[in-house]
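Visitor: Numbering (this note's numbering), first residue to last: -8 to 75.
This is the structure I want to talk about, given as structure tokens.
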């Protein structure tokens, strides 16, 4: 039996909502800030907490995957430059 992938519904696809702290077209700072907010939130509340998941969804929507991988490696190695 072949592997069948069900297409996502349009309602299931979302992107980050408007954040008035980052009104410009360039969303790099928004990406980084939401990554930091997720790390801080998950450190205090745990990764499964709803508010933490919000930050994760936003940074995954805005940040390039290569950045996320690099930052996660830096955190694991203890050399991430941001304050968590």
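Where is the CB? At the ideal position from N, CA and C, for every residue including glycine.
Evaluate the contact criterion for the segment 42 to 62 versus the segment 19 to 26: three or more CB pairs, one atom per stretch, below 8 Å.
Guide: As far as the Cβ criterion goes, the segment 42 to 62 touches the segment 19 to 26, which means the pair count is three or higher.
Visitor: Please state whether DSSP places residue 21 in a helix, a strand or coil.
Guide: Correct three-state label for residue 21: helix.
Visitor: Report the CB separation of residue 62 from residue 71 in whole angstroms; it is logged as a contact under 8 Å.
Guide: Residue 62 to residue 71, Cβ: 6 Å. Contact.
Visitor: For residue 46, which residues of its own chain have a beta-carbon under 7 Å away from its beta-carbon, when the five flanking residues on both sides are left out?
Guide: Contacts found: 25, 28, 29 and 32.
Visitor: Near residue 19, what residues of its chain come up, given a Cβ to Cβ distance below 8 Å and the 5 sequence neighbours on each side ignored?
Guide: Contacts found: none.
Visitor: Report the three-state DSSP secondary structure of residue 56 (helix, strand or coil).
Guide: The answer is helix: DSSP assigns residue 56 an H, G or I state.
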